[in-house]
Each structure stands twice: as C-alpha cells, then as structure tokens.
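Here the structure is laid out as structure tokens; the discussion comes afterwards.
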Amino acid sequence: MKKSILVLASFLCSFAAFAQKRSVSITIDDVPNVRLFQEDGYSSKLLSKLDSLKIPVAIFVNEHNLRQTKPFDKNKNLLKTWLSKDFVTPGNHSYSHPNYGEIGFEAFSGDVLKGETLTKEILKGSGKKLDYFRFPFNAMGKDSVAHLKMQEFLVSKNYKNTPFTVESEDWLFTQLYEKALKSGDKKRAMEIGNQYVKLSLDRFAHFDSVSVVNFQRPVKQIYLCHDNRLNTDFLPVLVQKLKEQGYQMISLADAMQDPAYQSREYYHGNAGFSWLYRWMSDLNERKGLMLAEPENVEIHKAYEEMQKAK
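Anchor point for the sequence shown: position 125 equals 107 in the working numbering, and the numbering is continuous, going up by one each time.
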C-alpha cells in the first residue's frame, strides 16, 4: 500500500510532461431529469448550457421517469430535443435504474430491453444508433459469472458496455446544493458548487496519475456525472477549468478508441468504482491508490447529517 502511494507521488512530480496530452469525454447519466424540467418551466437549462459549450457529450437515458411523470408528451419532446442535438451520443441506462447485482439476470436483462423502446423510436431516421449501455450504479454483478453472462447479453443486443474513469459524487453534492438553494442560502450553495468543482479537478489529477501508473501515460478519461441542478450551474465551470488545464473535450467514441479500454478487468464484484482500479491486478496496489483518492470530508459529514434529519 505504501509502495502504491510512493509510486503515485513520483509520477505526480513528473506529470507536467503529459499536460498537453490529456482529454476527457463528458457522459451524463439519468437523462432527462423531468423534475427539473417541470421546475424550470418545461425547459432543460442543462441542455441550454451544453448548447453554448459546444462540446460532445454522451447521455444515458432512463425512460421510467419520463413515462411515469406527467405530462408524458412534454417529457417525450424533451428527450427528442436531447437526442436531436448533433453533439449528443445516446445511451441506454436501463428502464428503471435497478441494481443488477441485486435483482439478477432475468429481471435486469428485461429492464435493459424495456429501457430502449422510446429512445429507439425517437432515433429512427436520425442516423444515430443506440450503441452504448451503462449499468446503473456501475454495478455489473456479484461475481465473474454474472459479469460474463450480462456482457454476453449486451453484445448479443449490439451494446457496448460503457465504463467511466472519473466521477466526483455529484449525486451527493446536488442534494446539499438544492437544499441550500431552497432555503435561500445562496452563499452556502455557491460554496458547495465550488467544492464540487475543486474535488472534480483533484480527482482528475488523481486518476490521470493512476493511469500513468497503469499505462505509463494519461488515458482518454471518461467523466461520469448526472442531469441535476448542480451540473446545470457548475458543469460549465468545471469544463472551463479542465480546458484551462489543457484537457481536450472528446466524444465517447473517441475516448473508447484508447487501447486502455480493451484492458483485462481483474475486479469481478458489484461495487461501482473507476475502471482504472478494475484494470489493476495487484489488490494491495489498488487499495493503496483508492485510499489516496481525494475526498471532501466536510461535504460527506453534511450529507450524513442531512440524511439523519429526514
């Protein structure tokens, strides 16, 4: 474990040499957020921001929320608008966001197929195909048998399993962020947003370094985030900061051309951590680098207190 941290530190010292070679694909789960859509007067402010950013993004759709929340016609048109954008690559995130490791193959495979119905209908004649799938919670099954069985199913349905390398718990930050906004505490909301951006940048630095440990170079990163209020307001800030650090914004297809994504996976459990860890054969080295991953203790404490108060 100590060896892993020392190796990471040594690569951090020499990482400047790779600064101009870094790139990232932005991927957004749980699209569309129909609750925000309604709150914002039937408009997606996140999509409007992405329009102005002019960067490629991949979206992973849950059809359950837009079908179960009225008015369905407006929700469907929202998804149509997302999918019509040239910069958007479509993906399936299952119908109802279940955990594969908890519900098993039969139920989960059915949910995958149910989750593509409306998206494929909308995509007809658009020139786009639904090639990508991402597991909810990035939970790929409890063991290697479950992993292999679902992977074979996805391949049979012409899906590419979509990994990620960097995420920064935006699902947690956004709950605190929205609470602050609803209470009228704009100062606290701004603090939370800025902490999200800082943690994200710290994690990019960490995972770039882990990729150098694994591959002797920065891989093309895939960033996982969600369609939420926090990213509506702060994803543009994060993107700008990444650009200032020399990152190029690339498509998901471009990112997955990196040979790293063909690497053997040594982890076969149901936890949803970065593929950069899954590709590590040395368990102690993996644990050491995971312990070195940047965290925000204050935010976690605030989240726990919020949950207890419910």
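No residue lacks a Cβ here, since even glycine has one placed at the ideal position from N, Cα and C.
CB of Ile37 within 7 Å of CB of Met231, strictly: With contacts defined by Cβ atoms closer than 7 Å, Ile37 and Met231 form a contacting pair.
Length of the line joining the Cα atoms of Ala121 and Lys164: 32 Å
Three-state secondary structure (DSSP) of Lys142: strand
Exposure of His282, with buried meaning 16 or more beta-carbon neighbours within 10 Å: exposed
Nonlocal neighbours in the same chain, by C-beta distance under 6 Å from Lys(-16), ignoring five residues either side: Residue confidence for Lys(-16) is low, a pLDDT of 49 falling below 50, so the modelled location carries little weight; the figure read from the coordinates is stated next. Contacts found: none.
Where Leu206 falls: helix, strand or coil (DSSP): strand
Leu(-12) burial status per 10 Å Cβ neighbour count (16 or more: buried): For Leu(-12), the predicted model reports a pLDDT of 47, less than 50, meaning its position is unreliable; a value from the coordinates is still stated below. That one is exposed.
Touching by the beta-carbon criterion (3+ pairs, under 8 Å), the segment 260 to 269 and the segment 152 to 169: no
Per-residue DSSP class, three states only, for Leu149: Residue identity check: residue 149 is Glu in the sequence provided, not Leu. Three-state result, Glu149: strand.
For Met262, three-class secondary structure by DSSP: coil
Rounded distance between the beta-carbons of Asn74 and Thr101, thought under 8 Å: 7 Å
Beta-carbon gap between His208 and Trp257 smaller than 7 Å: no
Proximity test, Glu45 beta-carbon vs the ligand HEM heavy atom, cut-off 6 Å: Ligands displayed in this structure: none; no statement on the ligand HEM is therefore possible.
Boundaries of the beta strand (DSSP E) in which Pro72 is found, first to last residue: 70 to 74
Proximity below 7 Å, CB of Leu35 to CB of Pro218: yes
Supposed contact pair Thr9 and Leu273 - C-beta distance, whole angstroms, cut 8 Å: Contact doesn't hold; Cβ gap of about 26 Å is too wide.
Supposed close pair Ala179, Phe119 - CB separation, criterion 8 Å: The question names Ala, but residue 179 in the sequence shown is Val. Contact flag wrong, Cβ pair sits at about 24 Å.
Neighbourhood of Ala171 by C-beta, 8 Å cutoff - its chain only, sequence neighbours within 5 removed: Tyr159, Ala162, Leu163
Closest residue to Lys131 among Phe87, Glu275, Asp93 (Cα-Cα distance): The shortest Cα separation from Lys131 among Phe87, Glu275, Asp93 belongs to Phe87.
Per-residue DSSP class, three states only, for Thr214: helix
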